[in-house]
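Notes follow once the structure below has been shown.
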Amino acid sequence: MKRLLSVVGARPQFVKAAVVSRAIARAGGLEHKLVHTGQHYDDNMSDIFFRELDIARPDFALGVRSSSHGEMTGLMLAGIEKVLLAEKPDAVIVYGDTNSTLAAALAAVKLHVPVAHVEAGLRSFNMRMPEEVNRIVADRVSRWLFCPTATAERNLLGEGIPKDQIHKVGDVMYDAVLHYASRAPQSKRSGGYCVATVHRAENTDDPQRLASILKALDQVAQSTPIVLPLHPRTRARVKDFGLSTGKIEVVEPVGYLEMLALVRGAEAVFTDSGGLQKEAFFLGRPCITLRDETEWVELVELGANVVAGTDAQAIVGAWRELAGRSLDAAARPYGSGDAGGAIVAALRGVE
Ligand code: UD1
């Protein structure tokens, strides 16, 4: 194993690849190239992450902007295939569950390039989520399945994935928080506030669900300010559906470090993001999840997270229940903070 190639495209993948990239550089003796599909392209959705996380510029930028699932994935598939044919890497590393993950895994496996999947084994058991489809396909074709949790490992064993392909390494996002939190500025906000994000298709593209989430956040905002860095998709839907954001403080999407700062200073986090649920936990903040299920069941078991769905009353009720709850600081369900090192060690073990 000498030449590795990572494929990224969307916000959380930049964070995950930054961790793996640093671990590869630390290990030495391995070449690592980076492909950016272009799925996220705005400065505050992409470039800012490269600057803040010290990630090298991508070796290949495919410039495939997000569009419909079929078109986006198809264009990425063709672009990644060209890179793989030219580069002939020994393995391709894919991250998480986006359309960029799916395209990279398919392009690689068809060319018989072994695939390493970082954040394997997560399941929501909801096949209407594009992410669930993406991660199941990526897992099925991967040679190395790097699981963040015991639950993820159990899911894969239950699906008949051979044990020797599964590696429980911990969560690279925990490595990232440990490494970058000290660089996050102090939040400029004084006094109590909450932070919220909403971007999942199942919430943004359904007017009832989106309206109900905004109603709940507005209700909370009557007594506690809520900051909502708004994803461009959500911003567009709020406008399309003619919805109001009421007293919620809507801001542009923020970079990784500012998000860590916001969460660290917040009383609670409201989100439908997978990554943010864990970042809240790593920073000792309770989380109200704006979905009907979560892949991060450990957080619910620990009492750090309530899966509230999208009913306004349930969301506000969960907030009242969680606010001020002290979290179990000793719990470490996401490993020891060296998932990156464990991933590289496993990849190096194969010649
Ligand atoms: C994607 C992933 C999701 C992940 C999220 C992280 C898929 C199917 N979904 O969702 O799993 O949690 O990234 O943020 O891959 N847009 C812009 N500028 C950008 C990026 C997006 O304006 O830089 C707008 C575009 O109108 C686009 C829409 O946002 O059509 C949605 O973007 P897309 O990449 O399809 O999905 P995300 O919701 O970002």
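At position 171 of the sequence shown (counting the first as 1) the number is 152 in our numbering, and the numbers step up by one without a gap.
We put the CB at the ideal spot given by N, CA and C, even for glycine.
Predicted model, so just to flag it, every value in this text is computed and none were measured.
Per-residue DSSP class, three states only, for residue i
i: Lys169; result: coil
i: Val179; result: coil
i: Leu308; result: coil
i: Ser317; result: coil
i: Val288; result: strand
i: Lys149; result: strand
i: Glu332; result: The pLDDT assigned to Glu332 is 46, lower than 50, so where the model puts this residue is not dependable, and the model offers no usable value.
Cα-Cα separation, residue i to residue j
i: Glu100; j: Ala285; result: 21 Å
i: Phe30; j: Asn80; result: 19 Å
i: Met57; j: Ala67; result: 16 Å
i: Val75; j: Gln203; result: 42 Å
i: Ala289; j: Leu11; result: 44 Å
i: Leu328; j: Ala249; result: 38 Å
i: Gly44; j: Gln20; result: 8 Å
i: Ser47; j: Gly139; result: 33 Å
i: Glu332; j: Asp71; result: Caution applies to Glu332, whose pLDDT of 46 falls short of 50 and renders its modelled position unreliable; the value that the coordinates give is listed next. Answer to the nearest angstrom: the Cα atoms are 9 Å apart.
i: Leu241; j: Thr54; result: 30 Å
i: Asp199; j: Ser(-13); result: 40 Å
i: His160; j: Phe263; result: 12 Å
i: Ala315; j: Leu257; result: Correcting the residue identity first, residue 315 is Tyr in this sequence and not Ala. Looking at the two C-alpha atoms, the distance is approximately 14 Å.
i: Thr82; j: Glu33; result: 23 Å
i: Arg121; j: Ala261; result: 30 Å
i: Thr291; j: Gly173; result: 24 Å
i: Pro210; j: Gly236; result: 10 Å
i: Leu303; j: Pro267; result: 6 Å
i: Glu134; j: Ile194; result: 32 Å
i: Met154; j: Arg109; result: 25 Å
i: Ala197; j: Gly77; result: 29 Å
i: Phe41; j: Leu238; result: 25 Å
i: Arg306; j: Asp156; result: 25 Å
i: Leu271; j: Lys(-17); result: 42 Å
i: Ala84; j: Gly265; result: 35 Å
i: Lys69; j: Gly223; result: 49 Å
i: Val96; j: Glu62; result: 13 Å
i: Lys(-3); j: Leu283; result: 24 Å
i: Ile366; j: Arg190; result: Nothing can be reported for residue 366, as the shown portion of the chain is limited to -18 through 332.
i: Asn115; j: Phe106; result: 12 Å
i: Val318; j: Lys220; result: Sequence check: residue 318 is Gly here, not Val. Going by the C-alpha atoms only, they are around 41 Å apart.
i: Val16; j: Pro39; result: 6 Å
i: Val176; j: Phe251; result: 6 Å
i: Leu103; j: His50; result: 21 Å
i: Val179; j: Thr130; result: 25 Å
i: His13; j: Ile36; result: 12 Å
i: Ala182; j: Ala320; result: 29 Å
i: Asn25; j: Pro234; result: 6 Å
i: Ala119; j: Lys169; result: 41 Å
i: Asp187; j: Asp253; result: 14 Å
Segments assigned alpha helix (DSSP H), at least 4 residues, entirely inside the segment 63 to 101: 80 to 91
Within 8 Å, do at least three Cβ pairs link the segment 121 to 130 to the segment 284 to 299? no
List in chain order: all unbroken beta strand (DSSP E) runs of 3+ residues lying wholly within the segment 197 to 284. Entirely contained in the segment 197 to 284, the beta strand (DSSP E) runs reaching 3 residues are, in chain order, 207 to 210, 230 to 232, 250 to 252, 268 to 270.
Mind pulling the alpha helix (DSSP H) runs of 4 or more residues that sit fully within the segment -11 to 69? -8 to 8, 28 to 33, 50 to 68
Flag this pair as touching only if the segment 270 to 286 and the segment 81 to 93 have three or more C-beta atom pairs under 8 Å; answer yes or no. no
Whole alpha helix (DSSP H) runs in the segment 94 to 142 with 4 or more residues, listed along the chain? The DSSP assignment places complete alpha helix (DSSP H) segments of no fewer than 4 residues inside the segment 94 to 142 at 111 to 122, 131 to 139, in order along the chain.
State whether the segment 320 to 327 contacts the segment -5 to 4, with contact taken as three or more CB pairs (one from each stretch) at a distance under 8 Å. yes
Are the segment 238 to 254 and the segment 155 to 174 touching, with three or more C-beta to C-beta distances below 8 Å? Counting Cβ pairs under 8 Å, three or more are found: they touch.
Counting Cβ pairs closer than 8 Å, one from the segment 227 to 237 and one from the segment 204 to 214, do we hit at least three? yes
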